[in-house]
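These notes concern the structure reproduced below.
Number of protein chains: 2
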Amino acid sequence: MTIKDIAKISGYGISTVSRALNDHPDVSQETKDKIKQIAKENRFVPNSNAKQLKQQVSNCIVILVKGSFNLFFASIIEQMQTHISRLGYETVIHYLNEDENEVRMAEQICKEIKPLGITFLGGNPETFRKRFSNIAIPCILSTTSAQSLSFENLSSVSVDDVKCAKQAVDYLFAYGHTHIGIVGGNEDISCTSGLRFAGCRQSFQEHGQELTDQYFEQAHFNISAGYEAAKKLLQKNPQLTAIFAMSDMLAFGTIRAISDLGLSVPNDISVIGFDGIELANYYCPKLTTIRQPCENIAVSSAKMLVGAIHGTEQAQHLLLDAEIIEGDSVRSL
Amino acid sequence: MTIKDIAKISGYGISTVSRALNDHPDVSQETKDKIKQIAKENRFVPNSNAKQLKQQVSNCIVILVKGSFNLFFASIIEQMQTHISRLGYETVIHYLNEDENEVRMAEQICKEIKPLGITFLGGNPETFRKRFSNIAIPCILSTTSAQSLSFENLSSVSVDDVKCAKQAVDYLFAYGHTHIGIVGGNEDISCTSGLRFAGCRQSFQEHGQELTDQYFEQAHFNISAGYEAAKKLLQKNPQLTAIFAMSDMLAFGTIRAISDLGLSVPNDISVIGFDGIELANYYCPKLTTIRQPCENIAVSSAKMLVGAIHGTEQAQHLLLDAEIIEGDSVRSL
DNA sequence: CTGAAAGCGCTTACAG
DNA sequence: CTGAAAGCGCTTACAG
């Protein structure tokens with residue numbers, strides 16, 4: 001069933017059928033009704049390949065997600081999708097592995113499906129610095145700041161990772177802890193864990209401490225990595241009374257590790273996480289964590305991207321605040 | 001950059017360029033090399049719309065996922081994807097809301113992108129009964145059995161939900177519990193929770209009990225629903241000493257609810273889950289659960305679908321076994 | 001308000 | 001081994 005068939009059945013020409021189906025204003029209502037009726041009866045679905053081949057641009061916005069599983073991203077994606085479709089665009093979600101290059105993939109997607117814009121979740125600014133100049137459509141980096149880059153078609157929406165991580169560690173200091181460990185983080189400040197690490201370092205310095213190897217253990221942002229890292233950390237530094245885990249998943253792994261060592265949270269060791277996913281609130285103990293403003297990130301990203309697509313908005317870098325959610329995983333010393 | 005441009009640059013005709021790029025055997029190696037080199041230099045990416053419009057069928061397999069967020073599905077999707085691409089096909093993932101009709105969506109997708117096959121995650125057999133006859137390509141229902149249906153192009157891979165749920169409740173009885181509650185489930189045996197509920201009922205009967213309203217509370221399969229349902233259940237039936245939650249997420253919500261009521265798991269109340277997601281192993285307490293064989297479901301689904309696409313396999317319904325993972329959330333009475 | 005015609009970028013029978 | 005031509009299903013300037 002193609003528009004040609006509908007043209008034949010209806011007696012109209014194919015151009016009129018096309019216009020009627022797309023609700024062009026210059027087709028009489030009567031004609032539209034007839035044609036739409038026939039399309040409906042025959043369960044006509046337009047061939048999107050033909051449509052897009054002809055139109056050169058699609059109506060779609062791509063959400064490019066790095067890291068296939070991440071509850072934090074999940075809730076953002078969901079809301080983003082809802083919002084984008086409310087604004088009248090289709091959305092295509094594409095997942096990449098951690099080791100794939102998101103910008104290269106974006107280049108390919110641009111050539112293949114010609115989207116109007118792209119939002120990146122979990123991208124690395126360094127990758128953007130190197131290759132993003134190949135991309136011409138409006139893009140937005142969500143949950144990571146692109147402030148340090150200055151592409152005129154790249155905006156970003158995120159929390160200030162340095163500040164928020166500092167906030168987390170400050171919180172532990174404020175509760176009287178002086179032996180604080182960090183799960184996650186590294187020296188590379190171009191990525192999220194590097195930025196959060198920098199925040200930790202600041203907090204340490206302000207409290208007259210130096211953040212040495214003794215106090216942190218790197219980990220990818222998943223639960224089993226958190227478990228392993230926490231175990232190592234507690235082995236090399238048994239005096240710790242509190243741990244900042246750089247994501248809630250890391251925090252869950254950390255708490256499990258602490259339990260497996262025969263210790264309890266928060267009685268022996270306090271734990272604070274980062275992200276504020278729904279599960280944090282249902283974990284036992286309820287996790288104290290830095291809650292990123294998911295809805296705001298999702299909605300702002302969608303709005304800014306659509307603004308940029310309309311050409312009404314310039315690239316900008318939105319830094320949002322996070323709030324501390326107090327659970328039962330931190331106690332004062 | 002199109003193949004026309006490459007034809008111009010290389011001096012060959014566009015048909016030769018097309019054939020070279022697609023590695024057709026009737027193009028000399030030399031020509032192929034030259035053309036591919038030029039394509040590479042110019043970062044040529046074929047326009048997939050044009051390609052598919054012409055080819056009429058794509059090379060892709062669609063994974064249609066109902067319910068946008070579900071850690072259990074997540075790990076299956078990931079493995080399925082890996083496996084499908086290893087078998088030489090592209091994969092497109094499409095998420096639907098709970099209230100959308102998966103089969104109707106599949107019909108549309110068939111017309112739009114003409115996939116070779118579809119795997120459904122989280123589909124409802126009843127929906128298939130009504131509309132699936134409209135679909136002509138090989139499909140597979142994963143994690144839910146389509147045994148009761150007899151479409152020659154619809155296979156399924158799943159555990160036996162009735163049996164596995166019975167296993168869970170039997171386990172609690174075996175540990176001496178006699179007041180067992182169920183979180184989730186309903187009378188509609190066309191869906192997963194209905195099947196599991198039927199298994200619970202069987203177990204109750206075999207142990208000389210009747211599964212009345214007093215013993216269960218319905219809940220959608222998410223953590224907050226589990227929390228609410230468990231609270232209600234314990235309110236209306238305070239004598240319970242054990243609960244079977246029909247998914248791990250429900251179990252987490254249940255455990256949190258128990259804690260909030262000032263009781264402890266497993267000392268006051270034992271809890272067993274269903275699915276066996278990674279998180280279950282990192283929850284506190286470690287969750288005892290019925291582990292579905294994710295890899296096997298993923299791999300078998302992929303294999304069976306590809307077999308059906310090749311026309312070498314008939315529709316079949318694979319029922320896999322689940323195993324009990326013993327955590328620390330059940331104690332003997 | 002409607003239609004005939006061109007063309008989007010590709011593939012593939014057909015001819016050489 | 002290579003090329004000219006037709007055609008996939010749509011949209012849209014152009015003409016009426």
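Protein chains in written order, with the UniProt record's numbering: chain G, 1 to 333; chain H, 1 to 333.
Backbone N, C-alpha and C define an ideal beta-carbon position, used for all residues, glycine too.
As the structure is a computational prediction, the values presented were derived from the model and not from experiment.
Quiz item: Which chain G residues are close to Leu279/H, counting only those with a beta carbon under 8 Å from its beta carbon?
Solution: Within 8 Å Cβ-Cβ: Ile223, Phe252, Leu279.
Exercise. Assign Asp213/H to one of three DSSP states: helix, strand, or coil.
Key: For Asp213/H, the three-state secondary structure derived from DSSP is helix.
Quiz prompt | Contact with chain G by Gln52/H, beta-carbon distance below 9 Å | solution = Interface residue (Cβ-Cβ distance to chain G less than 9 Å): Gln52/H is classified as such.
Self-check item: Residues that Asp275/H bridges to, as DSSP identifies them
Solution: According to DSSP, which records beta bridges pairwise, Asp275/H is partnered with Arg291/H.
Quiz item: Which word fits Gln314/H, buried or exposed, when buried means at least 16 other C-beta atoms lie within 10 angstroms of its C-beta?
Solution: Per the 10 Å Cβ criterion, exposed.
Quiz item: Arg256/G touches chain H at which residues, Cβ-Cβ below 7 Å?
Solution: For Arg256/G, the neighbours in chain H by C-beta distance under 7 Å run, in chain order, Tyr282, Cys284.
Exercise. Leaving aside the five residues before and after Ile38/G along the sequence, list all residues of the same chain whose C-beta is less than 6 Å from its C-beta, in chain order.
Key: Cβ within range, chain order: Ile6, Ile9, Ser10.
Exercise. Report, in whole angstroms, the separation of the C-beta atoms of Leu279/H and Asp260/H, which I expect to be a contact under 8 Å.
Key: Actually they are not in contact, since the Cβ atoms of Leu279/H and Asp260/H sit about 20 Å apart, beyond 8 Å.
Quiz prompt | Inter-residue CB distance, Gln94/G and Leu64/G (contact presumed, cutoff 8 Å) | solution = One point to set straight first is that residue 94/G is His, not Gln, in the sequence displayed. Between Leu64/G and His94/G the Cβ distance is about 5 Å, and since that is below 8 Å, they are a contact.
Exercise. Let me know the beta strand (DSSP E) ranges lying completely inside the region 35-103 of chain G, each 3 residues or longer, listed in chain order.
Key: Those beta strand (DSSP E) runs which fall completely within the region 35-103 of chain G and span 3+ residues are 60-66, 90-96.
Practice problem: Compute every distance between the C-beta of Ser142/G and the non-hydrogen atoms of the ligand MN, then say whether any falls below 8 Å. | Solution: With respect to small molecules bound, the structure shown includes none, and the ligand MN cannot be examined in it.
Quiz item: Does DSSP put Ser145/H in a helix, in a strand, or in coil?
Solution: Coil.
Quiz item: What first and last residue would you give for the alpha helix (DSSP H) that runs through Ser259/H?
Solution: Element bounds for Ser259/H: 248-260.
Quiz item: Nearest to Ser133/G by alpha carbon, out of Gln147/G, Ala308/G, Glu107/G?
Solution: Checking every option, the nearest Cα to that of Ser133/G belongs to Glu107/G.
Quiz item: For the 8 Å Cβ check, are there 3 or more pairs between the region 143-161 of chain G and the region 214-225 of chain G?
Solution: Counting Cβ pairs under 8 Å, fewer than three are found: no touch.
Quiz item: If we count the other Cβ atoms within 10 Å of its Cβ and call it buried at 16 or more, is Ser15/H buried or exposed?
Solution: The residue in question, Ser15/H, is exposed, as its Cβ has fewer than 16 Cβ neighbours within 10 Å.
Quiz item: For chain G, is any of its Cβ atoms less than 9 Å away from the one on Gln314/H?
Solution: Chain G has no Cβ within less than 9 Å of the Cβ of Gln314/H.
Quiz item: Using the beta-carbon of each residue, which ones in chain H are nearer than 9 Å to Gln292/G?
Solution: Within 9 Å Cβ-Cβ: nothing; Gln292/G doesn't reach chain H, min ~17 Å.
Quiz item: Closest to Asp170/H by CA distance: which of Lys34/H, Asn70/H, Lys36/H, Phe204/H is it?
Solution: Comparing Cα positions, the closest option is Phe204/H.
Exercise. Taking the CB atoms as reference points, tell me whether Phe252/H and Tyr282/G lie closer together than 9 Å.
Key: Yes, they are a contact pair.
Practice problem: Spell out whether any CB of chain H is found under 9 Å from the CB atom of Tyr227/G. | Solution: At least one CB of chain H lies nearer than 9 Å to the CB of Tyr227/G.
Self-check item: Test item: CB-CB of Val45/H and Glu112/G under 9 Å
Solution: Yes; because the gap between Cβ atoms is below 9 Å, this pair is in contact.
Exercise. Name, going along the chain, the residues of the region 87-109 of chain H whose beta-carbon falls closer than 8 Å to a beta-carbon of chain G.
Key: Ile93, Tyr95, Glu107, Gln108: these are the residues of the region 87-109 of chain H whose beta carbon lies less than 8 Å from some beta carbon of chain G, given in chain order.
Exercise. Please state whether DSSP places Glu323/G in a helix, a strand or coil.
Key: It is a strand residue.
Quiz item: Interface residues of chain H around Phe69/G at Cβ under 8 Å?
Solution: By Cβ distance, chain H contributes Leu71, Ala74, Ser75, Glu78.
Quiz item: Any idea what DSSP makes of Ser270/H, helix, strand or coil?
Solution: In the structure shown, Ser270/H sits in a strand (DSSP, three-state: E or B).
Practice problem: Tell me, please, whether the CB atom of Lys111/G is closer than 9 Å to any CB atom in chain H? | Solution: Interface residue, yes.
Exercise. Excluding the 5 residues preceding and the 5 following Gly307/H in the sequence, name in chain order all residues of the same chain whose CB lies nearer than 8 Å to its CB.
Key: Apart from sequence neighbours up to five positions away, the residues of its chain that approach Gly307/H with a beta-carbon distance below 8 Å are Glu313, ordered along the chain.
Practice problem: Please classify Val330/H: does DSSP put it in a helix, a strand, or coil? | Solution: Residue state, collapsed to three classes: coil.
Quiz item: If you draw a straight line from the C-alpha of Arg129/G to the C-alpha of Glu102/G, how long is it?
Solution: Distance between the alpha carbons of Arg129/G and Glu102/G is about 12 Å.
Practice problem: Could you check if His177/G is buried or exposed, using at least 16 other CB atoms within 10 Å of its CB as the buried criterion? | Solution: Buried, because 16 or more other Cβ atoms sit within 10 Å of the Cβ of His177/G.
Exercise. Could you tell me which chain G residues have their CB closer than 8 Å to the CB of Asn47/H, listed as they occur along the chain?
Key: Within 8 Å Cβ-Cβ: Leu53, Lys111, Glu112.
Quiz prompt | Thr16/H - containing alpha helix (DSSP H), residue span | solution = 14-21 is the extent of the alpha helix (DSSP H) around Thr16/H.
Quiz item: What residue from His179/H, Ala225/H, Thr119/H has the CA that sits closest to Pro238/H's CA?
Solution: Measuring from the Cα of Pro238/H, the nearest candidate turns out to be His179/H.
Quiz item: For Ala136/G, does the count of other Cβ atoms within 10 angstroms reach 16, so buried, or fall short, so exposed?
Solution: Ala136/G is exposed by the Cβ-count criterion.
Quiz item: Excluding the five sequence neighbours on either side, which residues of its own chain have a C-beta within less than 8 Å of the C-beta of Ser142/H, listed in chain order?
Solution: Counting only Cβ-Cβ distances below 8 Å, and skipping sequence neighbours, we find Ile76, Met80, Thr119, Phe120, Leu121, Ser156, Val157, Ser158, Ile297, Ala298, Ser301.
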